[in-house]
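**Q**
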Amino acid sequence: MKPIEYVVTGDEMQRYDANTINCYKVPGLVLMEQAALASVDEIMRLFPEKNTRILILSGKGNNGGDAMAVARLLHQKGYPVTVSVITNKDISRTDFSESAGVQYDILNAMKIPIVTNMVSDSYDIIIDGIFGVGLNREITGMAATIIEQANKCHVKKISLDIPSGIHSSTGRVCGIAFRADYTITFAFLKRGLYLYPGASYSGKIIKKEIGITSDSFLDQPPEMITLTGEVRDYIPARNPWGHKGTFGKILLIAGSEAIGGAAILAGKACMMSGCGMLKICTHKEHKSDLLSALPEAMISAYDTLETALESVKSGMEWADVIAIGPGLDTNVISAAMLENVIKHSTKPLVLDADALNLLSKHDFYHLLKEYQNMDDRKRSLILTPHPMELSRISKASREELSIRGLEIARQLAMELHAVIVKKDARTIICDETAPYIINLCGNSGMATAGSGDVLTGIITALLAFGLPAYESAALGVYIHAKAGDKAAELKNPYSMLAGDICEALTSILA
């Protein structure tokens, strides 16, 4: 089994919690106690000084129950603890959930200080247990006021399971949200912790086991996973007796008269990610630059529509895999080359950058869709759109994509029988049926010109190596992100260039 982590929605987490209680007969209070014990272990590791003053903000649902259990355990460990129950009215025992009510009774019996609607930076730590994964409404009233006050306090802040105010499935801020330095989350990672803007409120995320396992999926596994292992855990070994043809021949159609660097970056990434042979079809303006930067590649240069189509035709006959788009432009020659690739080849294909813009600018999307729905024309297909490109192809607004982006990407995958690499601060990969794969590696330094060209090269090399499209896309994104992290480590996110990501492939693939 290759290393993965599940990334769940709020609804999925609530279902697995209920399955654990109802099907496996584990009482909710036991799960609450496990969550509290795990949290306290982590809090004590982070803040070992017993004179650390702690304010715990508690709601009246089960997340509040976790918080009150944490208060009791910290009190027993010798920490000075105060619990502030957040309410729009006087505290009533009947307002609490069943399990939270039990915890409230225990605090009263142990005479642990309980106040209402208090927040202060006279404490060293504020722990947030107001709302959990079930929140699906805007936060108003006293809870909003308390969260606003807490965010202004210059103390360390910890959230239990998810910062209050972050939608657990989308990462949306529900009016206002607690801004944590650490989030201790339970059982499985939550989507809202990693999707923006929620990710900017979560701080360092620490996952703790509490007794809810994959057994509780009951044939309904989460719809999203992430890769967590080393690159070597996923990538197949190279054939020790293979030759250059064994590792795949790539036709890269990239660059235009005005743009040459994209072809160099994508081509270098292809070669450095293990492809055996590479032919770059590009404008003659950049032939000498390409030969100088990448002497290992063959260059098929054109300067007219006729020579461009001849170059594409011979390249398609020779190649095992085709990639088209980096730096391509959307002119007449580029459009004709893309049209020829769609019409006259069934070899695995990666579409990136201007190839995606051409899909939406011309009627090529419907042409591609028509061929992809013919048994004798269907091919392995990967599209790598960033948000604007996805908006153009899908005809969805950026606002709609922010709400239904995953759904729209899946629909596109189904229409084209393709793999979609939805590039963003959190890149997500999907095909027609398999789980979404979210990438949790990488850094802000990767938001630099040419980074996407490097990604295209990596994905195409894996496809040429023989991996299925879904695996090529997922592993390509992962390798790209890992290389980006290595580049940031060697340089810094401010100074990184796309070429640095390329160079880092050497150590990442070692």
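First residue of the sequence shown? That's 18 in the working numbering, and the numbers climb one at a time after it.
In this text, a Cβ means the ideal position worked out from N, Cα and C, and glycines have one as well.
(1) Label L235 either buried or exposed according to how many other C-beta atoms from any shown protein chain fall within 10 Å of its C-beta, with 16 as the threshold for buried.
(2) Within the continuous alpha helix (DSSP H) that includes A310, where are the two ends?
(3) If you count every other CB in all the chains shown that lies within 10 Å of the CB of L507, and 16 or more means buried, which is it?
(4) What number of angstroms, rounded off, separates the C-alpha of K439 from the C-alpha of I123?
(5) Let's test the definition: count the other Cβ atoms within 10 Å of the Cβ of S181 and tell me whether it reaches 16, buried, or not, exposed.
(6) Beta-carbon separation of Y382 and L423 under 9 angstroms?
(7) Please classify Y41: does DSSP put it in a helix, a strand, or coil?
(8) Express the C-alpha separation of I399 and N390 in angstroms, rounding to a whole number.
(9) If we count Cβ pairs, one from each stretch, closer than 8 angstroms, do we get three or more for the segment 288–296 versus the segment 342–356?
(10) In three-state DSSP terms, what is M135?
(11) Along the chain, where does the beta strand (DSSP E) containing G265 start, and where does it finish?
(12) Measuring only the C-alpha atoms, how far is G215 from V24?
(13) With a Cβ-Cβ cutoff of 9 angstroms, do L19 and D250 count as a contact?
(14) So for H300, helix, strand or coil by DSSP?
(15) DSSP state of F234, grouped into three classes?
(16) Within the chosen definition, does the segment 275–285 reach the segment 462–479 through at least 3 CB pairs nearer than 8 angstroms?
(17) With H, G and I counted as helix, E and B as strand and the rest as coil, what does DSSP make of I276?
(18) For I143 versus L90, is the C-beta distance shorter than 9 angstroms?
(19) Leaving out five residues before and five after L457 in sequence, what residues of the same chain have Cβ atoms less than 7 angstroms from its Cβ?
(20) Taking Cβ positions, are K169 and T200 nearer each other than 9 angstroms?
(21) Quick check on this structure: which residue in Y41, R110, V494, A88 has the alpha carbon closest to the alpha carbon of S233?
(22) Sorted by chain position, which residues of the same chain lie with C-beta nearer than 6 angstroms to D112's C-beta, five sequence neighbours on each side aside?
(23) Look up M463 in the DSSP assignment and say whether it is helix, strand or coil.
(24) What separation, rounded to the nearest whole angstrom, lies between the Cα atoms of A160 and V136?
(25) What is the rounded straight-line gap between the Cα of D502 and the Cα of E488?
(26) Going by C-alpha to C-alpha distance, which of A86, A515, S139, Q93 sits closest to Y121?
(27) Cα-Cα, which of I252, M49, L384 is closest to L480?
(28) Select from H184, D369, D141 the residue whose C-alpha is nearest the C-alpha of G149.
(29) In the DSSP assignment, what are the bridge partners of Y218?
(30) Return the bridge partner residues of V102 from the DSSP annotation.
(31) Hey, could you find the ends of the beta strand (DSSP E) V367 is sitting in?
(32) For I227 and A52, which I take to be in contact (beta-carbon distance under 8 angstroms), what is that distance rounded to the nearest angstrom?
(33) Would you tell me roughly how many angstroms separate the C-alpha atoms of E22 and T245, rounded to the nearest one?
(34) Apart from the five residues just before and just after G493, which ones in its own chain have a Cβ nearer than 7 angstroms to its Cβ?
(35) According to DSSP, is V119 helix, strand or coil?
(36) By Cβ distance, which residues of its chain are closer than 7 angstroms to K378, with the 5 residues on each side in sequence left out?
**A** So, to answer that:
(1) Numbered from 1 along the sequence shown, position 218 holds the residue referred to as residue 235. L235 should be labelled exposed.
(2) For the purposes of this step, residue 310 is taken as the residue at position 293 of the sequence shown. 304–310 is the extent of the alpha helix (DSSP H) around A310.
(3) Residue mapping note: residue 507 aligns to position 490 of the sequence shown, counting from 1. It counts as exposed.
(4) For the purposes of this step, residue 439 is identified with residue 422 of the sequence shown, where counting begins at 1. For the purposes of this step, residue 123 is identified with residue 106 of the sequence shown, where counting begins at 1. Each residue's alpha carbon lies about 48 angstroms from the other.
(5) Locating residue 181 in the sequence shown gives position 164, counting from the first residue. Under this definition S181 is a buried residue.
(6) Start at 1 with the first residue of the sequence shown, and residue 382 comes out as number 365. Start at 1 with the first residue of the sequence shown, and residue 423 comes out as number 406. No, they are not a contact pair.
(7) Along the sequence shown, read from residue 1 onward, the residue named residue 41 stands at position 24. It is coil, neither helix nor strand.
(8) Within the sequence shown, numbered from 1, the residue matching residue 390 stands at position 373. Within the sequence shown, numbered from 1, the residue matching residue 399 stands at position 382. N390 and I399: Cα-Cα distance of roughly 15 angstroms.
(9) no
(10) Start at 1 with the first residue of the sequence shown, and residue 135 comes out as number 118. Residue state, collapsed to three classes: coil.
(11) Start at 1 with the first residue of the sequence shown, and residue 265 comes out as number 248. Per DSSP, G265 belongs to no beta strand (DSSP E) and is neither H nor E.
(12) The residue given as residue 215 occupies position 198 in the sequence shown. The residue given as residue 24 occupies position 7 in the sequence shown. Between G215 and V24, the C-alpha separation is close to 14 angstroms.
(13) Locating residue 19 in the sequence shown gives position 2, where the first residue counts as 1. Locating residue 250 in the sequence shown gives position 233, where the first residue counts as 1. A quick correction: the sequence has Lys, not Leu, at residue 19. Cβ distance < 9 angstroms, so K19 and D250 count as in contact.
(14) Within the sequence shown, numbered from 1, the residue matching residue 300 stands at position 283. Judged by DSSP in its simplified three-state form, H300 adopts strand.
(15) Taking the sequence shown and counting its residues from 1, one reaches residue 234 at position 217. In the structure shown, F234 sits in a helix (DSSP, three-state: H, G or I).
(16) yes
(17) The residue labelled residue 276 in the question sits at position 259 within the sequence shown. Note: I276 maps to coil in three-state DSSP.
(18) On the sequence shown, residue 143 is found 126 positions in, with the first residue counted as 1. On the sequence shown, residue 90 is found 73 positions in, with the first residue counted as 1. Not in contact: I143 and L90 (Cβ atoms no closer than 9 angstroms).
(19) Along the sequence shown, one-based indexing puts residue 457 at 440. Y211, T243.
(20) The residue labelled residue 169 in the question sits at position 152 within the sequence shown. The residue labelled residue 200 in the question sits at position 183 within the sequence shown. No, the pair does not count as a contact, with Cβ atoms beyond the cut-off.
(21) Here residue 233 refers to the residue found at position 216 of the sequence shown. Among Y41, R110, V494, A88, the Cα nearest to that of S233 is on Y41.
(22) Walking along the sequence shown from the start, residue 112 turns up at place 95. Only K77 meet the Cβ criterion.
(23) As a first step, residue 463 must be located in the sequence shown, where it is residue number 446. Looking at M463 - three-state DSSP - the assignment turns out to be helix.
(24) One-based indexing of the sequence shown puts residue 160 at position 143. One-based indexing of the sequence shown puts residue 136 at position 119. So the two alpha carbons sit approximately 11 angstroms from each other.
(25) Position 485 of the sequence shown, counted from the first residue, corresponds to residue 502. Position 471 of the sequence shown, counted from the first residue, corresponds to residue 488. Near 21 angstroms, if we compare the C-alpha coordinates of E488 and D502.
(26) For the purposes of this step, residue 121 is taken as the residue at position 104 of the sequence shown. The shortest C-alpha separation from Y121 is found at A86.
(27) The count along the sequence shown starts at 1 and reaches residue 480 at position 463. Residue I252 holds the alpha-carbon nearest to the alpha-carbon of L480 among I252, M49, L384.
(28) Walking along the sequence shown from the start, residue 149 turns up at place 132. Of H184, D369, D141, the residue nearest in Cα terms is H184.
(29) Mapped onto the sequence shown, residue 218 falls at position 201. Bridge pairing for Y218: absent [DSSP].
(30) As a working mapping, residue 102 is identified with position 85 in the sequence shown. In the DSSP assignment, V102 forms a beta bridge with S75, T133.
(31) Position 350 of the sequence shown, counting from 1, holds the residue named residue 367. 366–368 is the extent of the beta strand (DSSP E) around V367.
(32) Position 210 of the sequence shown, counting from 1, holds the residue named residue 227. Position 35 of the sequence shown, counting from 1, holds the residue named residue 52. With 8 angstroms as the limit, I227 and A52 qualify as a contact, their Cβ atoms being about 5 angstroms apart.
(33) Residue numbering aside, residue 22 sits at position 5 when the sequence shown is read from its first letter. Residue numbering aside, residue 245 sits at position 228 when the sequence shown is read from its first letter. E22 and T245: Cα-Cα distance of roughly 7 angstroms.
(34) The residue you call residue 493 lines up with position 476 of the sequence shown. Result list for G493: L472, I475, I476, L479, in chain order.
(35) Stepping through the sequence shown from its first residue, residue 119 is reached at position 102. Secondary structure at V119: helix, using DSSP grouped into helix, strand and coil.
(36) To locate residue 378, count along the sequence shown from 1; it is residue 361. Same-chain partners within the cutoff: T347.
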